[in-house]
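Start counting the sequence shown at 21; every next residue gets the next number (the working numbering).
C-beta atoms are modelled at their ideal positions from N, C-alpha and C, and glycine is treated no differently.
From a predicted model like this one, the values you see are computed outputs, not experimental measurements.
Note sheet for the following structure.
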Amino acid sequence: MSNPLDTDAGSELFSSYEAELKLVQADLNQKLDQIAESTGEQRKAAIRHTERALDEANELLDQMRMEKQNIPSAARSKVNIRFRNYCSDIDEIKRKLKSLSDDRKALFGDRYTDNEPSGQDRHLEQREQLLSGTERLERSSARLQESQRVALETEDVGRNTLADLYQQRETMEHTRMGLHQSEGYVDTSIKTLKGMARWLRIA
């Protein structure tokens, strides 16, 4: 049976973030396709949704950057390669989003001008930013709770392992005491046998 401590907490949490990032990447690529196929208000809404998903991807990368430091050095090199690939993928998505966002003709359609957005547009944008901030806070809280859960599980494993080691030490102490007693019995038996041998020679 393998030791529970063989599963590194940092590695487990990194893998969890990695799986979540892959889902966000797939969602981002789908959203980029939606932006490319839309115009006007629908395109602006799609861009805002993509920006929020991109914020989530950046948060996951930050979490992965911290957690990979907890992975043993022997396994960290492969993790670093995967992490750099994810960073490159997200950077490419950022470039595509910027290119799509800069296409103001597609963004505003026939109403395209260089004027500032209307009051209604600003209100909608502020509302989207508020919702995005709330969602980021909720995701950060959920990840913090997950980190605390893994830390508590690791602490429990360590506590149980220490208890097992203490019990094994006690068992070894009892065994050692038993060996000392057995050696005493052997010494007594040898002395008795020697005495009997001398008595037999005299007799």
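Span of the alpha helix (DSSP H) around residue i
i: Ser-97; result: 93–121
i: Asn-90; result: Here Asn-90 belongs to no alpha helix (DSSP H), and DSSP marks it neither H nor E.
Supposed close pair residue i, residue j - CB separation, criterion 8 Å
i: Leu-74; j: Leu-48; result: 6 Å
i: Arg-159; j: Glu-76; result: 6 Å
Neighbourhood of residue i by C-beta distance below 8 Å, restricted to the same chain and skipping five residues each side
i: Asn-78; result: Ile-110
i: Arg-102; result: Glu-38
i: Ser-209; result: none
i: Ser-36; result: Glu-166
Identity of the residue in the options nearest residue i by Cα
i: Lys-116; options: Ser-160, Ile-67 and Thr-154; result: Ile-67
i: Ile-55; options: Leu-41, Glu-40, Glu-71 and Leu-43; result: Glu-71
i: His-50; options: His-69, Ala-39 and Lys-64; result: The amino acid at residue 50 is misidentified as His; the sequence shows Gln. Gln-50 has its Cα closest to that of His-69, out of His-69, Ala-39 and Lys-64.
i: Gln-62; options: Thr-174, Met-216 and Ser-121; result: Ser-121
i: Ile-113; options: Gly-178, Asp-123 and Val-44; result: Val-44
Sequence-distant residues of the same chain with beta carbon closer than 7 Å to residue i, five excluded per side
i: Tyr-106; result: Leu-41 and Leu-81
i: Arg-163; result: Gln-83
i: Ser-167; result: Leu-33
i: Glu-155; result: Arg-72
Contacting residues, own chain, Cβ-Cβ under 6 Å from residue i (five flanking each side not counted)
i: Arg-218; result: none
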